[in-house]
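First residue of the sequence shown? That's 2 in our numbering, and the numbers climb one at a time after it. We put the CB at the ideal spot given by N, CA and C, even for glycine. Here the structure is a predicted model, which is why all the values come from computation and not from measurement. Here is the structure we will look at, set down as structure tokens.
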Amino acid sequence: MEMVDSMFRDTEEYGHRPTPDIVESLLNTALLSGQSIFVAEIDGELAGLCAWVMSPALQYGEVLALGTYVEPGYRKTGVSAQMRKAATAYWTDAGAKVITGSVDLGNDAGMLSMQSNGFSTTAYLMEKKLGD
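Shown next as structure tokens:
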């Protein structure tokens, strides 16, 4: 789960930090139900993580792209594209109908990476902070 923590620490740069407990719960549920989480390993080191899951809370056939993370030293090397390609093939074979994900405002590299992998903007995610 260290890489998951790294993935969400990176999102703080864009003013957004999802609740790690929720993400860990979704990942654990996915793994226990036999779903695949994709990792990239280069020369024995973890280089990236592609965590896309089908949750019982989602409509049948909908996959939630929780995030794709690549360690800084491996960025702009195609690692993200390879993981997303593998995850897309996996979910296509599993019968998924749509993959939904989000990109934080200002994360131009993430937006370009998603678009180059066939994702298109269909909505804007709105947020209202409550309390402190």
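Considering only C-alpha positions, which residue in the set the options is nearest to residue i?
i      : options                      : result
Thr123 : Val104, Ser81, Asp22         : Val104
Gly79  : Lys98, Asn108, Gly49         : Gly49
Phe120 : Leu27, Leu126, Gly111, Asn29 : Gly111
Asp94  : Asn118, Ser37, Tyr125        : Ser37
Gly74  : Ile43, Leu126, Glu128, Gly35 : Ile43
Do residue i and residue j have their C-beta atoms within less than 8 Å of each other?
i      : j     : result
Trp53  : Leu67 : yes
Ala90  : Phe39 : no
Glu84  : Thr69 : Correcting the residue identity first, residue 84 is Met in this sequence and not Glu. Yes.
Ala136 : Gly62 : No answer is possible for residue 136: it lies beyond the span of the chain, which begins at 2 and ends at 133.
Which same chain residues end up closer than 6 Å to residue i when comparing Cβ atoms and leaving out the 5 residues on each side of it in sequence?
i      : result
Ala31  : Val54
Ser114 : Ser81
Val71  : Gly49, Val80, Ser81
Since I believe residue j is in contact with residue i (beta carbons under 8 Å), could you give me their beta-carbon distance rounded to a whole number of angstroms?
i     : j     : result
Leu27 : Ser56 : 6 Å
Enumerate in chain order the residues of its own chain whose CB-to-CB distance from residue i is below 8 Å, with the five nearest sequence positions on each side excluded.
i     : result
Leu47 : Met4, Val40, Ala41, Glu72
Original post:
Going along the chain, which unbroken runs of the alpha helix (DSSP H) with 4 or more residues stay wholly within the stretch 60-122?
Top reply: Runs of the alpha helix (DSSP H) inside the stretch 60-122: 80-94, 109-117.
| field | Start-end ranges of the beta strand (DSSP E) lying completely within the stretch 31-58, minimum 3 residues | value | 39-43, 46-54
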